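The sequence shown: position 75 = 109 (our numbering), numbered continuously.
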Amino acid sequence: MAKAKTVYVCSSCGADSPKWQGKCPNCGEWNTYVEELIKKDTSAKLSLPGLVNDEKAKPILLRDITAEEETRIDLQNEELNRVLGGGLVKGSLVLIGGEPGIGKSTLVLQTVLNLKGLRTLYVSGEESSRQLKLRADRLSNESSDCFILCETNLEQIFVQAQNVKPELMIIDSVQTIFTEMVESSPGSVSQVRECSAMILKYAKESGVPVLLIGHINKEGSIAGPKVLEHIVDTVLQFEGDQHYMYRILRSIKNRFGSTAELGIYEMRQEGLREVSNPSELLLTQNHEGLSGVAIAAAVEGIRPFLIETQALVSTAVYGTPQRSATGFDLRRMSMLLAVLEKRAGFKLVQKDVFLNIAGGLKVNDPAIDLAVISSVLSSSLDISIEQGTCMAGEVGLSGEIRPVNRIEQRIAEAEKLGFNRILIPHNNLKGFDMSKCKIRIIQVRKVEEAFRHLFG
């Protein structure tokens with residue numbers, strides 16, 4: 035006889051407790067326990083249709099294991115292939131998260147429609163088949179070998195997968211899927227944990243890669259238990275501002291590639307367009323004579339691109355000066371303003387400072403520090419920076435310009451876009467032949483030296 039009981043489950047780590055607790059003793063998070071009704075059936079057994087394997091795992095010596103290169107599927111999407119590390123690995127479980135309406139389903143469906151000769155099963159738990167047909171007609175007119183299944187029962191999904199035998203499976207979204215083995219509503223901690231574990235078992239035993247689409251909560255992390263991100267092989271974050279046309283695909287976790295890669299898309303009426311050269315789109319062409327604008331040579335992963343940093347410095351109208359940053363860490367901006375006051379002697383205590391990274395991007399590269407303080411100083415002095423000038427350098431607390439990585443790629447990107455000169459940290463070009471570069475390279479040691487080159 036099945037026994038039903040009420041337990042409290044931590045949404046962060048999945049630990050359960052017979053009573054509610056303010057702090058989880060397992061992971062240390064506060065206010066994460068939610069009440070759930072659990073029905074345990076001892077006769078139930080975790081099994082997948084057509085995938086019964088009686089052989090049990092045995093320990094193997096490390097030297098006896100043959101390491102072969104992973105077989106990858108070309109998704110016909112350069113940006114998505116780059117973020118995944120060269121393509122989709124067979125038997126992998128990939129989670130794509132993002133805000134509602136940002137374009138997760140559009141990205142996946144558009145990618146599937148462009149795949150030719152790949153049998154795909156698209157499981158939708160949120161939209162009807164008619165809605166998917168209307169979206170597919172808007173995105174592409176090409177015919178593809180794609181099967182649509184509108185189902186939320188995981189057991190039925192596995193039955194249909196056994197009949198179709200797909201080479202790629204998409205589940206939209208994982209929060210809507212439920213299994214009959216757990217007596218709780220879809221989207222709960224127990225359902226998401228058990229369903230993702232069974233999907234992982236299916237992917238590893240059948241070799242079929244599975245793309246999971248997931249929602250995010252108001253804190254910006256993947257909704258559901260934190261154990262979901264531990265189960266999957268790859269976690270991709272699809273982000274961007276709905277008021278901007280650009281979308282960014284970041285890799286947060288990747289067992290088969292680098293987590294520093296970045297993919298940029300442009301949202302259009304007919305779908306998402308890949309941005310192969312983001313530098314030309316992220317730069318405003320006519321900013322000559324405008325103060326508070328500096329061009330930074332940034333790198334995300336191994337991909338260099340030039341971005342525009344904008345700053346506005348004005349006298350504080352109210353008693354407390356305001357500090358605001360869009361697309362940049364506010365605490366790091368406060369540190370850079372302190373360096374300007376202490377090391378360069380510019381008083382910004384009674385002034386409001388607003389900073390914006392153009393294009394709606396969020397940049398974590400410390401090499402744009404020099405561009406940030408240059409744009410702030412340019413707005414404070416109301417002196418524009420000479421057109422055709424870009425810069426790259428990390429600013430230390432003592433006012434020194436620290437070396438940055440991949441400086442050769444930054445210089446090559448600036449030269450390709452027609453910039454005349456670039457400011458870089460001193461001794462950052464060891465073993466680099468500067469005679470081949472047409473761009474003028476200026477090496478600076480401290481912020482005062484950089485300001486003399488910029489403002490005279």
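All C-beta atoms in this analysis are idealised placements derived from N, C-alpha and C, irrespective of residue type, glycine included. Keep in mind that this is a model prediction, so the values were computed, not measured.
Item, Value
"Range covered by the alpha helix (DSSP H) that runs through Arg-227", "223-240"
"Which residues DSSP lists as bridging Trp-64, in chain order", "Lys-57"
"Beta-carbon spacing of Cys-424, Phe-380 below 8 Å", "no"
"Where Gly-62 falls, given that 16 or more other Cβ within 10 Å makes a residue buried", "exposed"
"Beta-carbon proximity check, Val-261 vs Ile-205, cutoff 8 Å", "no"
"Beta-carbon spacing of Val-438, Ala-401 below 8 Å", "yes"
"Beta bridge counterpart(s) of Tyr-156 as assigned by DSSP", "Ile-182, Ile-204"
"With 16 other Cβ atoms within 10 Å as the buried cut-off, status of Asp-108", "exposed"
"Own chain, CB closer than 7 Å to Glu-189, minus 5 neighbours either side, in chain order", "Thr-213, Glu-214"
"Collapsed DSSP secondary structure at Pro-338 in the structure displayed", "strand"
"Own chain residues within Cβ distance below 7 Å of Val-226, not counting five before or after", "Val-208, Gln-209, Gly-258, Pro-259, Leu-262"
"C-beta contact flag for Gly-120 and Arg-106 at 8 Å", "yes"
"Continuous alpha helix (DSSP H) assignments of at least 4 residues falling wholly in the stretch 445-479", "none"
"The beta strand (DSSP E) enclosing Lys-150, as first and last residue numbers", "No beta strand (DSSP E) contains Lys-150, which DSSP labels as neither H nor E."
"Whether Glu-160 touches Leu-71 by CB criterion (8 Å)", "no"
"Buried or exposed by the 16-neighbour rule on C-beta atoms within 10 Å, applied to Ala-91", "exposed"
"Three-state secondary structure (DSSP) of Gln-194", "helix"
"Collapsed DSSP secondary structure at Glu-295 in the structure displayed", "coil"
"Per-residue burial, Phe-362 [other beta carbons within 10 Å of its own, 16 or more giving buried]", "buried"
"Distance, Val-157 Cα to Ile-211 Cα", "10 Å"
"Beta-carbon proximity list for Asn-60, same chain, < 7 Å, skipping 5 on both sides", "Cys-44, Cys-47, Ala-49"
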